[in-house]
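Reading through the structure tokens given below for one structure.
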Amino acid sequence: MSIYYARALKKERGREHLLKQELGMDKVVHYVVSRFPVIGADPAVINYNQIDRLRFAGQAGA
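Taking my numbering, the leading residue of the sequence shown gets 6, the next gets one more, and so forth.
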């Protein structure tokens with residue numbers, strides 16, 4: 006399962022230029038949100054029930 010998430014992150018990072026171009030953003034932070042429990046060390050892969058972590062990450066970057 007972790008290979009699936011790693012592949013999804015790689016795919017999104019490959020599209021980063023599109024987000025920057027369309028939204029005029031300088032920085033894009035990628036996350037994969039899973040509905041299933043995730044066991045792994047990658048902080049970019051989070052469980053759906055921990056989605057509040059994204060709010061705190063956005064506030065820290067502002």
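In this text, a Cβ means the ideal position worked out from N, Cα and C, and glycines have one as well. Every value quoted in this text rests on a predicted model; they were computed, and no experiment measured them.
Rounded to whole angstroms, what's the CA-CA distance from residue i to residue j? Just pull it up for me.
| i | j | result |
| --- | --- | --- |
| Arg58 | Glu21 | 21 angstroms |
| Glu17 | His35 | 7 angstroms |
| Ala67 | Arg60 | For Ala67, the predicted structure reports a pLDDT of 49, less than 50, and the residue's modelled location is therefore unreliable. A value from the coordinates is still provided. Computed Cα separation, rounded: 11 angstroms. |
| Gln26 | Val37 | 21 angstroms |
| Gly45 | Gly19 | 22 angstroms |
Can you tell me where the beta strand (DSSP E) with residue i in it begins and where it stops?
| i | result |
| --- | --- |
| Ile51 | Val50 to Asn52 |
| Val34 | Note, Val34: premise wrong, no beta strand (DSSP E); not H, not E. |
Short of 7 angstroms in beta carbon distance, which residues of its chain neighbour residue i, apart from the five on each side in sequence? Order them along the chain.
| i | result |
| --- | --- |
| Asn52 | Ser39, Pro42 and Val43 |
| Leu14 | His35, Val37 and Ala49 |
So the alpha helix (DSSP H) residue i belongs to, where does it begin and stop?
| i | result |
| --- | --- |
| Ala13 | Ser7 to Gly19 |
Can you list, in chain order, the residues of its chain with a C-beta nearer than 8 angstroms to that of residue i? Leave out the 5 residues immediately preceding and following it.
| i | result |
| --- | --- |
| Asp31 | Lys25 |
Tell me, please, whether the CB atom of residue i is closer than 9 angstroms to any CB atom in chain C?
| i | result |
| --- | --- |
| Gln26 | Looking at the structure shown, chain C is missing, and only one protein chain is on hand. |
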